[in-house]
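Structure, as C-alpha cells:
Residue numbers (the numbering used here): 6 to 123.
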C-alpha cells in the first residue's frame with residue numbers, strides 16, 4: 006500500500022497526467038485496460054509468472070520492463086528461454102536491453118529486461 010501512495014505522490018510531484026496508478030492483483034487489474042505503451046514489472050521474484058499477461062496488454066512496439074533474478078552465468082540462456090516461451094504462446098517479442106541492476110547473492114543478480122512486443 007505504501008508503494009502505491011508513493012507512486013501517486015510521485016505522479017503529482019512530477020505533474021504527469023498519462024499514468025494510471027493501480028493497486029491489486031495485476032493479472033486481474035489489467036483485464037479491462039486498453040493496450041499500454043509500457044508495462045513495468047518490478048517484483049523480481051515472480052514477475053515472470055505474469056509476463057504473458059503483461060505482453061498481451063502491451064501494444065505492438067511497446068515495452069515490458071521486467072525485473073528478474075538470474076544466475077550471472079546463465080542469464081543469457083534464461084533470457085533466450087523466456088523469449089522462446091513467449092513466442093510459443095503467440096506473444097512475439099524480443100529483448101532490446103538487459104542490464105544487471107544489483108547483486109542478489111554471490112552467484113545471482115537482479116536484472117532488468119526491456120522486452121519489446123512484436
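We treat Cβ as the ideally placed atom computed from N, Cα and C, and that holds for glycine.
Being a predicted model, the structure only gives us computed values, none of them experimental.
Can you tell me the Cα-Cα spacing of residue i and residue j, whole angstroms?
i: residue 60; j: residue 71; result: 11 Å
i: residue 29; j: residue 8; result: 12 Å
i: residue 25; j: residue 98; result: 24 Å
i: residue 83; j: residue 75; result: 8 Å
i: residue 85; j: residue 79; result: 10 Å
i: residue 11; j: residue 23; result: 17 Å
i: residue 32; j: residue 89; result: 21 Å
i: residue 17; j: residue 46; result: 21 Å
Determine the burial state of residue i: buried for a count of at least 16 other Cβ atoms within 10 Å of its Cβ, exposed for fewer.
i: residue 52; result: buried
i: residue 49; result: buried
i: residue 87; result: buried
i: residue 36; result: exposed
i: residue 122; result: buried
Give every residue of the same chain whose Cβ lies closer than 7 Å to the Cβ of residue i, excluding the five residues on either side of it in the sequence, and list them in chain order.
i: residue 57; result: 91, 94 and 96
i: residue 42; result: 64 and 67
i: residue 73; result: 49, 52, 53, 116 and 118
i: residue 62; result: 35, 38, 40, 41 and 44
i: residue 27; result: 34
By Cβ distance, which residues of its chain are closer than 6 Å to residue i, with the 5 residues on each side in sequence left out?
i: residue 119; result: 68, 70, 101 and 102
Exercise for the section: With a floor of 3 residues, list each beta strand (DSSP E) that falls wholly inside the region 24-59, ordered by position along the chain. Expected result: 41-46
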